[in-house]
Amino acid sequence: MSIGELFSLLITDHTIRTVAFGTAILGVVSGALGAFAVLRRQALLGDALSHAALPGVALAFMLTGQKTPAVLMIGAAIVGIMAILLLSAVTRVTRLKEDSVLGIILSVFFGFGLMLLTFLQRNPDARQAGLNTFLFGQAATLLTRDVLTMAAFGLPALVILAIFWKEFKLLSFDREFGSSLGFPMRGLDTALTSLLVVAVVIGLQAVGVVLMSAMLVAPGAAARQWTDRLSHMVLISALFGAIAGVAGALISSLGNGLSTGPVIVIVVSVIVVISLFFAPNRGLFWRRLRIWRNRRRYQAETVLLDFYRMAAQHADATQPHPIAALLAIRPGAQFGLDVLASRDLARPDSEGNWRLTPAGVAEAELLESGFANENGVTE
Amino acid sequence: MKMRFLTSFALSMVVLLSACSTNDQVVDDGRIRVVGTIGQIGNAAEIIGGEHVSVNALMGAGVDPHLYVATESDVSLLSEADIIFYNGLFLEAQMDDVLKQLGQRKTAIPIGEQIDPALLLASPIYEDEHDPHIWFDLELWSIAVAAIRDTYIEFDPANAADYEANAAAYLAEIAELHEIVHEQAARLSADQRVLVTAHDAFSYFGRAYGFEVLGLQGISTQSEASTADVRNLASIIVEREVPAVFIESSVPVRNVEALQEAVAAQGFEVVIGGELFSDAMGSPGTPEGTYLGMVRHNIETIVSALLGE
Amino acid sequence: MSQSSKYPAVEVSDLTVAYQEKPVLWDVDLEVPQGVLMAIVGPNGAGKTTMIKAILGLLTPAAGQISIFGKSYAEQRRLVGYVPQRGSVDWDFPTSVLDVVMMGKYGQLGWIRRPGSAAREAAEEALEKVGMLDYANRQISQLSGGQQQRTFLARALTQDAQIYFMDEPFQGVDATTERAIVDLLKDLRSSGKTVVAVHHDLQTVPEYFDWVMLLNVRRIASGPVPEVFTEDNLRTAYGGRVAFLSANGAAPAKEKA
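Below is the structure:
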């Protein structure tokens, strides 16, 4: 199937359209809010929240008997908030550090959730509610009403984020300064973290508890590579999340046996890897390239100057010199000579001699005067 | 303040945990202790064993045997049992190790594997494996039930006569039901006999009674339905103008609802014809809570829905 | 913007702050008159940063009263500017210098309102005063230590405060920046503002500041520099670890605070 046909399915096929819509919403919300989580170093918190959601879903079902996603999601959200409160209580009362407490909360809540699921496997209604699918998600069977529920939770979260943008920016950058200005930083912190809970809860149906943390962290981490402005970062993060969601939905529709949730996570991971390597400025690839270019230039200039100083002792600086002489001064000169040759600053002849070209001489003189002026090397 | 919060949290956890009750106790009253996995097996084991046995079925109403994980209390029940009956053929996929290990120490019979493999349907995915949902072909199930009788006789020869008699009566009922199902199916014309369900549990049913069977998920509910599955199945439904699809008691309803939406988007309306019992029987005490009742319920539901009643 | 000229800029009494039952500040009194440049000095762990934070309401003291121009900090927020320690933020945060400086206006903007052109102008003015206007659009991760410090200062300037609290404003800055900051502080003083700064370099106290407080969990002494900045007081504050300070204020060794 060609790419074009694949995309046209987005428009024509109901199932793919619905699933893609749902995963796009998931991507946008988790991308936008996850960007803040990344900046506030809350990746582990996001992971803990999504794992803590599992008992929330099970308990919501046990207490209300309802199978509708909205109810289960509210249950997940409530337990998520409980986890946050437990985190701050335990860190304050004991001497444990935040990451230890989060690790404990993550495992204990998740284990408790698994225990509840095992307990519920005898319950026929529980089977029908599909509680097990919250582990890894089942995006392929997102119904229209599921997508509407996701939007109903997600859109207000984004709106709140937009309204309190400057407050959240202040919270993330310089919490104490914000406090001194009179903003209730503790409340804002809880609010922003609660929005994170909403993002987690939205994604549970599609990608499940185990994979959700990837959707929170990856788009933000990737987006950071491309921009130095917070607003851009959040937008790009949302965009990356949406792309991963839609691409995941499309790719998994290609064959039987491709689960949508994991495919989405793979796509977003690819985006991260590409961003890490190829983003302008921060990308590792460009950094390596810059380093390599600088080294090349440095070696060439060093060899050029060596050559020049040796050659300038003669009347004609463009006289040929045997390569052995150059190598005697600097054993690694070959590389530099090749670079000079490629820039036509020096030329070899058939007998293994090298000579500076007039251009090479001029360049060398420029370099020399540059050193003399202590102005740094000019290109 | 914080300590109080922590203590009340811990207390509520303890209360919650203790509320998770254990299962049925092991009864030691001189009767043979039998443990079955799925309800259908427990049902048969009870009837054939009569007053000589006390039977526990691990998986009750609505339980999905493909996903069921044995709990501590299950394992203790199994270790106390004199005889264990299970389906085999990888139906109880998560319990395979446990059951095989127990088979080395005591009588643990996979009754599905007592059937001649030539009679079984191959699994569409794994070449060496078979489709385990044998109980919907009543003739095949009779063979499995006979294996239960034979196990009892070997274990407890003294009461052989009772086992023979119970089994004969039960098998006769099954044979009678077999005919009824044929009759009911005959009310549908050949191209009306398309059965669309949540997972591929009905292949034996289809082969035995002439239905074309299509499941959204594969043979095991462990595999997730993909959008391709939903799409393809929706197209078939629209093409063949299938009037009804069926949910199953042990599989999430949402999957079939997604199928319904996909079909509706193509302009065709397909109703949910009813709930079928696929891997699990109905609640105990109801007619569907027995094997015979479940089979009867299924065929009646299928036929009336496909006839558009 | 009420400001009664008969009240001292800052008045602290019986301030006690404990962290896990260990006292960080014990029964500290302090009076800062208006219009002075005051340094708070003391050894490591003396509670200097804690003092600032307690005054600004960033932590809850176990005991004590604090007033700014006679009223509580919460009432007088608009009169206070704050320059936190440079290391208290992550400078890799995606934002520009101008953006950070405009944060100083957030208090006046209140909830939800975004900084507009007025805030922007004020920020640019402040940047001009610290000599950083050319860096307005630069990403803060590209700044040197001195530039970071000046950014924070500019931010505080936009707060249009009457009293400024600074936490180690000279820490890790180059000589040029240091001179610039000192000039700025002296300008502030000439316009009648008050500055209280935690300072790490004993050597420069007499040169930069006119008042000083010696702190080591307890208040050792506070008052005008010539009166208070004596060898005896320093010895008490630093527990005898002070290198000698000659009467002219020139000391061969610099004490690390």
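Chains as they are written, first to last, in the numbering used here: chain A, 1 to 379; chain B, 1001 to 1309; chain C, 2001 to 2257. Note that CB positions come from ideal geometry on N, CA and C, so glycine has one too.
Which term fits C/Ala2161, buried or exposed, when burial requires 16 or more other beta carbons within 10 angstroms of its beta carbon? For the purposes of this step, residue 2161 of chain C is taken as the residue at position 161 of the third sequence. Burial call: buried.
Would you call the CB atoms of B/Val1238 and B/Ile1247 closer than 8 Å? As a working note, residue 1238 of chain B is residue 238 in the second sequence. As a working note, residue 1247 of chain B is residue 247 in the second sequence. A distance of 8 Å or more separates the beta carbons of B/Val1238 and B/Ile1247.
If you follow the beta strand (DSSP E) that C/Met2166 is part of, which residue opens it and which one closes it? Here residue 2166 of chain C is taken as the residue at index 166 of the third sequence, counted from 1. Counting along the chain, C/Met2166 sits inside the beta strand (DSSP E) bounded by residues Ile2163 to Asp2167.
For the stretch 1050 to 1080 of chain B, list every residue whose C-beta sits within 7 Å of some C-beta in chain A, in sequence order. For the stretch 1050 to 1080 of chain B, which is checked against every Cβ of chain A, the residues closer than 7 Å are Gly1060, Ala1061, Gly1062, Val1063, Asp1064, Leu1067, Tyr1068, Val1069 and Thr1071.
Between the alpha carbons of A/Gly34 and A/Met73, how many angstroms are there, rounded? Along the first sequence, read from residue 1 onward, the residue named residue 34 of chain A stands at position 34. Along the first sequence, read from residue 1 onward, the residue named residue 73 of chain A stands at position 73. Put simply, the backbone Cα of A/Gly34 is about 18 Å away from that of A/Met73.
Given that A/Ile380 touches chain C, what residues does it touch there, using C-beta distances under 7 Å? Residue 380 of chain A cannot be examined here, being either before or after the span of chain A that is shown, 1 to 379.
Under DSSP, the alpha helix (DSSP H) around B/Ser1076 begins and ends at which residues? Within the second sequence, residue 1076 of chain B is the residue found at index 76, counting from 1. Segment Glu1072 to Glu1080, the alpha helix (DSSP H) holding B/Ser1076.
Please return the same chain residues whose Cβ sits closer than 8 Å to the Cβ of C/Asn2137, not counting the five positions on each side in sequence. For the purposes of this step, residue 2137 of chain C is identified with residue 137 of the third sequence, where counting begins at 1. Leaving aside the five residues that flank C/Asn2137 on each side, the residues in its chain whose CB is nearer than 8 Å to its CB run, in chain order, Ser2096, Val2097 and Leu2098.
Under 7 Å by beta carbon: chain B residues contacting A/Gln299: Stepping through the first sequence from its first residue, residue 299 of chain A is reached at position 299. Near A/Gln299 there are no residues of chain B at all, since even the closest Cβ is about 55 Å away, more than 7 Å.
Do you know offhand how far B/Ile1153's Cα is from B/Ala1160's? On the second sequence, position 153 is the one that residue 1153 of chain B refers to. On the second sequence, position 160 is the one that residue 1160 of chain B refers to. Their Cα atoms are separated by approximately 5 Å.
Going by beta-carbon coordinates alone, are C/Val2196 and C/Phe2152 separated by less than 8 Å? As a working mapping, residue 2196 of chain C is identified with position 196 in the third sequence. As a working mapping, residue 2152 of chain C is identified with position 152 in the third sequence. With a cutoff of 8 Å on beta-carbon distance, C/Val2196 and C/Phe2152 are scored as not near each other.
Can you tell me where the alpha helix (DSSP H) holding A/Leu327 begins and where it ends? To locate residue 327 of chain A, count along the first sequence from 1; it is residue 327. It spans Ile323 to Ile329 - the alpha helix (DSSP H) in which A/Leu327 sits, taken as one unbroken run.
As an exercise, report each continuous beta strand (DSSP E) stretch of at least 3 residues that is fully enclosed by the stretch 61 to 108 of chain A, in chain order. You should have found no qualifying run.
Taking the alpha-carbon positions, what's the A/Lys67 to C/Ala2154 distance? Counting from 1 along the first sequence, the entry for residue 67 of chain A is found at position 67. Counting from 1 along the third sequence, the entry for residue 2154 of chain C is found at position 154. So the alpha carbons of these two residues sit roughly 56 Å apart.
4 or more residues per run - each alpha helix (DSSP H) lying fully within the stretch 107 to 181 of chain A: The stretch 107 to 181 of chain A is shown to contain whole alpha helix (DSSP H) runs of 4 or more residues at 124 to 129, 144 to 163, 165 to 173 and 175 to 181, in chain order.
Kindly indicate which residue of A/Ala364, A/Gly137, A/Arg297 and A/Arg186 has the alpha-carbon position closest to the one of A/Val57. Within the first sequence, numbered from 1, the residue matching residue 57 of chain A stands at position 57. Of the listed residues, the one whose Cα sits closest to A/Val57 is A/Gly137.
Counting only Cβ pairs nearer than 8 Å, list the residues of chain B close to A/Ile16. Residue 16 of chain A sits at position 16 when you count from the first residue of the first sequence. Within chain B, Thr1227 and Arg1231 have C-beta atoms less than 8 Å from the C-beta of A/Ile16, given in sequence order.
For C/Lys2022, report the span of its beta strand (DSSP E) as first-last. Along the third sequence, read from residue 1 onward, the residue named residue 2022 of chain C stands at position 22. Counting along the chain, the unbroken beta strand (DSSP E) around C/Lys2022 starts and ends at Lys2022 to Val2032.
What does the Cβ neighbour count give for A/Ser172, buried or exposed, with the cut at 16 atoms within 10 Å? Numbered from 1 along the first sequence, position 172 holds the residue referred to as residue 172 of chain A. With 16 or more Cβ atoms within 10 Å of its Cβ, A/Ser172 is classed as buried.
Ignoring anything shorter than 4 residues or poking outside the stretch 1174 to 1238 of chain B, list the alpha helix (DSSP H) runs there in chain order. The stretch 1174 to 1238 of chain B contains these whole alpha helix (DSSP H) runs: 1203 to 1209.
Go through its chain and collect everything with a Cβ distance to A/Ala20's Cβ below 8 Å, but skip five positions before and after it. On the first sequence, residue 20 of chain A is found 20 positions in, with the first residue counted as 1. In chain order, Leu10, Gly245, Val246, Ala249 and Leu250 place their CB closer than 8 Å to the CB of A/Ala20, counting only its own chain and leaving out the 5 sequence neighbours on each side.
For the stretch 2124 to 2155 of chain C, which residues have a beta carbon sitting closer than 7 Å to at least one beta carbon of chain A? So the list reads Gln2139, given in the order they occur along the chain.
Beta bridge counterpart(s) of C/Val2198 as assigned by DSSP: Translated into the one-based positions of the third sequence, residue 2198 of chain C becomes position 198. Looking at the DSSP assignment, C/Val2198 forms a beta bridge with C/Ile2040 and C/Asp2167.
So the beta strand (DSSP E) B/Ile1272 belongs to, where does it begin and stop? Your numbering for residue 1272 of chain B matches position 272 in the second sequence. Unbroken beta strand (DSSP E) run through B/Ile1272: Val1271 to Leu1276.
Under 7 Å from the C-beta of C/Val2089: neighbouring residues of chain A: Counting from one through the third sequence, the residue named residue 2089 of chain C turns up at place 89. In chain order: Phe173 and Asp174.
Pick out the complete alpha helix (DSSP H) segments inside the stretch 180 to 230 of chain A, 4 residues or longer, and give them in chain order. If we require 4 residues or more, the alpha helix (DSSP H) runs fully inside the stretch 180 to 230 of chain A come out as 185 to 224.
Suppose contacts are defined by Cβ-Cβ distances below 8 Å. Is A/Ser237 in contact with A/Gly31 by that definition? For this step, residue 237 of chain A is matched to residue 237 along the first sequence. For this step, residue 31 of chain A is matched to residue 31 along the first sequence. Yes, the pair counts as a contact, with Cβ atoms nearer than the cut-off.
Assigned exposure category for A/Phe7 - 16 Cβ within 10 Å defines buried: Within the first sequence, numbered from 1, the residue matching residue 7 of chain A stands at position 7. Counting Cβ neighbours within 10 Å, A/Phe7 comes out exposed, since fewer than 16 surround it.
Would B/Asp1156 and B/Ile1032 qualify as a contact pair, given that the criterion is a beta-carbon distance under 8 Å? Residue numbering aside, residue 1156 of chain B sits at position 156 when the second sequence is read from its first letter. Residue numbering aside, residue 1032 of chain B sits at position 32 when the second sequence is read from its first letter. In this structure, B/Asp1156 sits near B/Ile1032, with a CB-CB distance shorter than 8 Å.
Considering Cα atoms alone, identify which of B/Gly1267, B/Gly1112 and B/Ala1122 is closest to B/Ile1134. One-based indexing of the second sequence puts residue 1134 of chain B at position 134. Answer by Cα proximity: B/Gly1112.
Alpha carbon to alpha carbon, how far is C/Leu2178 from C/Ser2013? Position 178 of the third sequence, counted from the first residue, corresponds to residue 2178 of chain C. Position 13 of the third sequence, counted from the first residue, corresponds to residue 2013 of chain C. Leu is not the amino acid found at residue 2178 of chain C; the sequence shown has Glu there. Approximately 32 Å, taken between the alpha carbons.
When C/Ile2163, C/Gln2159 and C/Gln2148 are compared against C/Pro2169, the one with the closest alpha-carbon: Residue mapping note: residue 2169 of chain C aligns to position 169 of the third sequence, counting from 1. Here the closest residue by C-alpha is C/Gln2148.
Measuring alpha carbon to alpha carbon, tell me which residue in B/Leu1306, B/Gly1062, B/Asn1166 and B/Ala1168 is nearest B/Ala1190. As a working mapping, residue 1190 of chain B is identified with position 190 in the second sequence. Answer by Cα proximity: B/Leu1306.
So, does the CB of B/Glu1257 fall closer than 8 Å to a CB anywhere in chain A? Locating residue 1257 of chain B in the second sequence gives position 257, counting from the first residue. Contact of B/Glu1257 with chain A is assigned, a C-beta pair being separated by under 8 Å.
In the stretch 310 to 371 of chain A, which residue ranges form an unbroken beta strand (DSSP E) of at least 3 residues, counting only runs that do not cross its ends? Runs found: 346 to 348 and 353 to 356.
Could you work out which residues of chain C lie near A/Arg224, taking near to mean beta carbons separated by less than 8 Å? Locating residue 224 of chain A in the first sequence gives position 224, where the first residue counts as 1. Simply Pro2094.
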